[in-house]
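Colleague: Here my numbering is used: the first residue of the sequence shown is 1, the next is one more, and so on. Quick reminder that beta carbons are idealized off the backbone N, C-alpha and C, glycines included. None of the values given here were measured: they were computed from a predicted structure. Next up is a structure, given as structure tokens.
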Amino acid sequence: MFHMYLPIAGNSVNIVLILGLGGVVGLLSGIFGVGGGFLMTPLLIMFGIPPTVAAASDSNQIVGASTSGTLAHYRLGNVDMKMGFLLLIGGSLGGAIGVQLIKVLKAMGNADFLINVTYVIMLGGVGCYMFVESLQSLKKSKTTLSNPVEKAPETKVKKQSGFGKMMKALP
């Protein structure tokens with residue numbers, strides 16, 4: 001009833017499922033800054049979308065969620081425009097190179113395999129990193145709890161001139 005045929009993917013999908021995935025991943029992207037390719041592409045693959053089509057089509061969701069999230073965070077004053085511009089340049093170059101690489105791999109017949117293996121390695125690496133960080137955080141909190149009287153070091157605050165404040169405020 002709510003199915004739509006996707007000619008590039010070569011299969012039919014439930015419209016509600018795809019809208020729901022986009023909404024949930026967009027929400028997570030807005031809250032945590034993750035989502036796009038990190039979550040959406042593997043989820044699309046799980047629901048039968050070919051890996052190359054999932055990775056390419058996911059770019060639409062990334063643009064929408066990123067634009068919406070950036071505007072909302074900009075209004076709150078959370079966006080560092082200098083860093084954002086550099087990330088935009090790097091992302092554009094990396095994306096262009098990635099598309100050319102997938103084009104070559106698709107011609108060789110290895111694109112789907114590479115995408116699947118890359119996601120397993122990437123998600124495994126992120127999972128291991130988060131596990132190690134959690135252990136270090138637990139270890140740190142136990143040390144802090146056992147020495148509650150420990151005094152924090154004093155720091156001196158240096159006042160900035162009007163020019164320094166103005167330069168820091170520039171995007």
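1. Does DSSP classify asparagine 116 as helix, strand or coil?
2. So the candidates are Ile45, Lys103, Ile89, Pro7; which of them puts its Cα closest to the Cα of tyrosine 119?
3. Does valine 172 come out as helix, strand or coil in the three-state DSSP assignment?
4. Could you tell me the distance, in whole angstroms, from the CA atom of leucine 27 to the CA atom of leucine 101?
5. Could you check which residue in Leu39, Gly84, Gln61, Leu105 has the C-alpha nearest to that of valine 126?
6. Helix, strand or coil: which one does DSSP assign to asparagine 14?
7. At the level of alpha carbons, what is the spacing between asparagine 11 and valine 99?
8. If I'm right that alanine 96 touches leucine 105 with Cβ under 8 Å, what's the distance once you round it to whole angstroms?
9. Among Pro50, Ser57, His73, Val53, whose alpha-carbon lies nearest the alpha-carbon of glycine 22?
10. Is it true that the CB of serine 29 sits closer than 9 Å to the CB of serine 59?
11. Which runs of the alpha helix (DSSP H) at least 4 residues long sit entirely within the segment 49-80? Give them in chain order.
12. By Cβ distance, which residues of its chain are closer than 7 Å to glycine 69, with the 5 residues on each side in sequence left out?
13. Please identify the residue among Phe47, Pro42, Phe32 whose C-alpha is closest to the C-alpha of leucine 6.
14. Take the Cβ of isoleucine 8 as the centre, count every other Cβ of all protein chains shown within 10 Å, and call the residue buried at 16 or more, exposed below.
15. Closest to leucine 114 by CA distance: which of Pro42, Val16, Met4, Asn14 is it?
Modeller: On the basis of the data shown:
1. helix
2. Ile45
3. Only positions 1 to 171 of the chain appear in this structure, which leaves residue 172 out of reach.
4. 30 Å
5. Comparing alpha-carbon positions, the option among Leu39, Gly84, Gln61, Leu105 lying closest to valine 126 turns out to be Leu39.
6. strand
7. 23 Å
8. Beta-carbon to beta-carbon, alanine 96 and leucine 105 are separated by about 15 Å, too far to satisfy the 8 Å threshold.
9. Ser57
10. no
11. 51-75
12. Ser29, Gly30
13. Cα-wise, what sits closest to leucine 6 is Phe47.
14. Looking at its Cβ environment, which holds fewer than 16 other Cβ atoms inside 10 Å, isoleucine 8 is exposed.
15. Pro42
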